[in-house]
Structures are given as C-alpha cells and as structure tokens.
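K.L.:
Sharing a structure below in structure tokens format, with a few things to ask.
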Amino acid sequence: MAWAPRGTALPLAVWVLTRTALLLFVLGPLTFPGPDVTTDVSVIYRGWYEVLRTGTFPLDDVTWQYPPAAALAILSPGLLPWLPYDTAFYVLVFLCDLLVLLMLRAARRPGTAPWALWTWVAGVPLLGPTVYARYDLMVTAVAVAALLAGARRPRVLGALAAFGALLKVWPVLLLVGVERGRASRRAWGTAAVTAAALTAGFALAMPGATAFLGFQRDRGTEVESLGALVFHVARHLGWHGEVLLNYGSVEFMGPYVGLVSTLALALSAAALVWLLVWRLRAREWGPATTADAAFTAVLLFTVTSRVISPQYLVWLVGLAAVCLVRPETRMGRPALLVLAATAVTVLEFPVWFGHVVASDALGIGLLVARNGLLVAAAVVAGRRLWRGPAAAPAGVSPAARADGRATAR
0 MAWAPRGTAL PLAVWVLTRT ALLLFVLGPL TFPGPDVTTD VSVIYRGWYE
50 VLRTGTFPLD DVTWQYPPAA ALAILSPGLL PWLPYDTAFY VLVFLCDLLV
100 LLMLRAARRP GTAPWALWTW VAGVPLLGPT VYARYDLMVT AVAVAALLAG
150 ARRPRVLGAL AAFGALLKVW PVLLLVGVER GRASRRAWGT AAVTAAALTA
200 GFALAMPGAT AFLGFQRDRG TEVESLGALV FHVARHLGWH GEVLLNYGSV
250 EFMGPYVGLV STLALALSAA ALVWLLVWRL RAREWGPATT ADAAFTAVLL
300 FTVTSRVISP QYLVWLVGLA AVCLVRPETR MGRPALLVLA ATAVTVLEFP
350 VWFGHVVASD ALGIGLLVAR NGLLVAAAVV AGRRLWRGPA AAPAGVSPAA
400 RADGRATAR
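Structure below.
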C-alpha cells in the first residue's frame with residue numbers, strides 16, 4: 000500500500016481483511032452465528048425489485064415503509080445484470096463502503112491521527128453481515144458525502160441531504176447544524192427544491208410514491224427498541240402480550256403497546272424541540288459544529304424511535320467518523336460509546352436474537368447494555384453540543400480554523 004499516506008496503511012489493511020470476511024459471510028462460504036440475515040436481500044428486496052421494474056411501488060406490501068428514492072437502492076443491482084440479484088447488491092454495498100473509506104481518507108488532515116478512518120474501519124464489521132444485507136450503508140455513504148462536501152458547499156449539502164432523506168428520511172437531520180445565515184438559506188433552500196423535484200418526479204413516474212407514510216404510521220414497538228424494555232420486563236410480571244412479526248419487524252403486541260409507542264413519538268418530538276432551541280440559542284459555530292449537530296440529532300432520534308434495528312447503528316458510525324475528521328470535534332466520547340453499542344448490537348442480533356425474543360435474562364441484559372450505551376452517547380453528545388464549540392486544538396493555525404467556517408462561501 001505505497002499509495003497510502005503515513006498513518007493510514009494499517010487501517011486500510013484492516014479494512015480489506017474485515018470486508019473480505021463480510022463478503023464471505025453474505026455470499027455463503029462462511030456462516031455467521033444466529034438466523035440468516037441475507038433473506039432480506041434474496042427474498043424481500045428481490046421481490047420488491049420485480050414489482051418496481053413494472054413501474055409501480057409495492058402498494059400491497061405493508062413492509063414497504065421507505066421514501067420513494069429507496070426504489071433506486073432496490074433497483075441498483077440491475078446495474079450489474081451479469082450477477083445474481085443478491086450478489087450484485089452485496090457488491091454495490093461493498094463499493095459504497097469503500098467510497099466512504101476513501102472520502103474519510105481524503106478529508107483527513109496531514110499529521111492528524113486517523114481516528115475517523117479507524118471508526119469506520121472498526122465500526123462497520125462490528126455489526127456483522129447484517130450491515131451488508133441492508134441498504135442502510137448506501138444511505139450512510141450519501142450522508143457522509145453531504146457532510147464532508149458541505150464544509151465548503153452548503154448547496155451540495157442541501158441537495159445530498161434531501162436525496163438521502165428520500166432514501167431513508169433520517170439524513171434530513173444533517174441540516175440541523177448548518178450555520179445560521181447565508182449558508183443555512185442555501186442549504187435549506189436547495190434541500191427543499193431538490194426534495195420537491197424528486198418527489199414530484201417519482202409521483203408522476205410511479206404510482207404509490209407516498210404509500211410508505213401510512214405503513215410507517217401503523218408501526219408498533221419493536222423488540223429491540225428502548226421502549227420495548229418495558230415489555231421485556233413486564234413479561235416476567237404477568238403481562239399478557241406476545242411477540243409477533245408485524246410490518247416487517249418483530250414487535251410486541253398487546254395491552255399498553257400503543258401507549259408506549261405514543262410515548263416514543265412524544266420523546267422524538269421533544270428531541271426535535273430541544274434541537275430547535277439549541278439552534279435558536281447557539282451564537283457560535285465552530286469547524287465541527289455542523290457534523291457534531293448532525294451526529295447528535297441522529298443519536299437522539301435513534302434512541303427515541305419505536306424501532307432500533309441493528310443496521311441503524313451504521314448511520315451513527317458513519318456520522319461519528321465524519322465528526323472525528325475535525326480535531327475540533329467534541330464528539331470523541333459519544334463516538335466511543337456508539338462503537339461499544341455497535342459491538343453489543345451484533346450479539347443481540349443476530350447471534351442471540353432468540354434470547355431477545357424470549358425476553359430471558361441474557362436477552363434483556365444485552366438490550367439494557369446496548370440501549371444504555373446509546374442513551375449515554377445521546378446525553379453526552381447533547382450536553383457537549385449545548386455547551387458550544389470547543390477551542391481549536393494547539394497547533395491548529397488561524398487559517399485552518401477559518402477553513403471550517405467557509406460554509407457560506
């Protein structure tokens with residue numbers, strides 16, 4: 000790896016080894032413990048692919064709960080027609096993984112430690128093969144590109160955030176931390192135009208572009224979410240409910256589930272209010288504020304969600320890596336907590352998912368550990384964001400500090 004700058008050769012080598020292992024797991028030569036995670040691609044995604052090819056969204060399938068641009072991710076294996084659908088999908092996810100690595104490497108300042116690279120290199124394989132068997136890594140690549148490009152080009156940030164939001168909603172939160180003023184107007188204005196144009200295009204081209212809204216509304220409390228801990232414990236105290244496959248995920252069904260789901264939505268609304276208050280009161284933006292705010296926002300909404308699927312952790316790993324590109328970031332400790340939560344996540348799914356569904360001591364313990372780490376990361380990140388940007392580290396020149404504030408140019 001003579002092409003690798005000093006300090007990046009080892010993470011690049013580890014990336015090659017770990018991604019080779021992930022490909023071997025999803026392609027079949029190696030077997031990962033727990034249930035088979037590849038059926039989402041070989042069965043569900045492939046079925047959606049056949050429907051989408053006819054020019055319509057899967058209107059009769061309640062498991063289709065994604066914004067219209069998600070169709071592009073599901074159809075993307077068609078770009079490699081010489082490969083079977085699932086193989087082509089894994090190859091494309093692998094290429095997106097590589098793209099994120101190269102973007103982080105290019106954004107790294109000479110002479111700084113490659114913490115961003117290591118976060119991505121280590122965080123992705125910690126999720127096991129699930130991370131390659133979902134399209135969330137593709138969305139994460141769009142979000143990483145948006146934040147890295149947005150340091151100087153707010154319009155690019157706005158366009159990519161809007162495109163990402165139409166892939167899987169959460170990238171709209173990237174706009175929360177854009178500095179008020181001209182940069183914010185450019186980013187938000189471009190995002191609005193891009194989202195409107197793409198949505199109109201999908202609505203005109205394919206029936207059912209907004210059907211996902213109704214399917215999402217009817218979701219319950221998924222067994223891995225923070226709110227689900229109430230029912231895991233309640234099952235040992237005589238609660239008369241059950242665990243069923245519902246709307247494409249394993250959810251609790253029974254008394255008080257609706258109440259807990261409503262409380263989760265209320266917590267998400269409270270998180271949004273908190274972010275708006277932070278934005279209104281913030282008086283100073285540092286070079287890392289936009290990325291730090293995006294990371295914090297996604298953390299808050301992940302923790303309060305009715306569903307915390309394992310692949311959601313790749314969003315946080317990607318955003319944490321972007322934060323660590325900047326030496327001025329205050330998100331070092333939350334990033335470590337997210338990596339720890341990611342390591343626990345692979346144990347609760349897929350390795351010991353049966354224990355989670357059974358609500359036994361091991362399953363509950365894993366969820367308490369994983370969700371506790373995410374809550375801790377969200378609290379620490381929120382506190383640090385609220386306090387404002389950190390002072391520039393020693394050795395960072397005034398020109399370098401100014402570079403991070405060039406978003407409005």
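Note that the sequence shown covers residues 0 to 408 in numbering that gives the first Met the number 0.
The beta-carbon is built from N, C-alpha and C at its ideal position, and this holds for glycine as well.
1. Under a Cβ-count criterion, where at least 16 other Cβ atoms within 10 Å of its own Cβ denotes burial, should R386 be classed as buried or exposed?
2. Roughly how far, in whole angstroms, is the beta-carbon of L225 from the beta-carbon of I307, given that I think they are within contact range, below 8 Å?
3. Within 8 Å, do at least three Cβ pairs link the stretch 185 to 197 to the stretch 159 to 170?
4. From the beta carbon of W117, is the nearest beta carbon of chain C less than 8 Å away?
5. Around the C-beta of W81, are 16 or more other C-beta atoms found within 10 angstroms, so that it is buried, or is it exposed?
6. Indicate whether F251 and G207 have their beta-carbon atoms separated by less than 8 Å.
7. Terminal residues of the continuous alpha helix (DSSP H) containing M137?
8. Confirm, please, whether the CB-CB distance from A164 to V99 is below 8 Å.
9. With DSSP run on the structure shown, which of helix, strand or coil describes V242?
10. Based on the DSSP secondary-structure assignment, which residues constitute the bridge partners of T220?
11. Whose CA, out of A20, L366 and L51, lies closest to the CA of F201?
12. From S304 to T37, what distance separates their C-alpha atoms?
13. Mapping the DSSP letters down to three states, classify R409 as helix, strand or coil.
14. Let me know the secondary structure DSSP gives A265 once reduced to three states.
15. Kindly indicate which three-state DSSP category I307 falls into: helix, strand or coil?
16. Per DSSP, what kind of secondary structure is T17 in: helix, strand or coil?
17. Which term fits D85, buried or exposed, when burial requires 16 or more other beta carbons within 10 angstroms of its beta carbon?
18. Between T17 and the rest of its own chain, which residues show a CB-CB distance below 6 Å, the 5 nearest in sequence each way excluded?
19. When you measure from the CB of A368 to every non-hydrogen atom of the ligand SAH, does any distance come out below 7 Å?
P.N.:
Taking the definition as stated:
1. Under the 10 Å beta carbon count, R386 is surrounded by fewer than 16 other beta carbons and is classified as exposed.
2. That pair is a contact at about 7 Å.
3. yes
4. As a matter of chain content, chain C is missing from the structure shown, which is built from one protein chain.
5. exposed
6. no
7. D135 to G149
8. Not in contact: V99 and A164 (Cβ atoms no closer than 8 Å).
9. strand
10. F251
11. L51
12. 24 Å
13. No answer is possible for residue 409: it lies beyond the span of the chain, which begins at 0 and ends at 408.
14. helix
15. coil
16. helix
17. buried
18. P124
19. Ligands in the displayed structure: none, and consequently the ligand SAH is not present.
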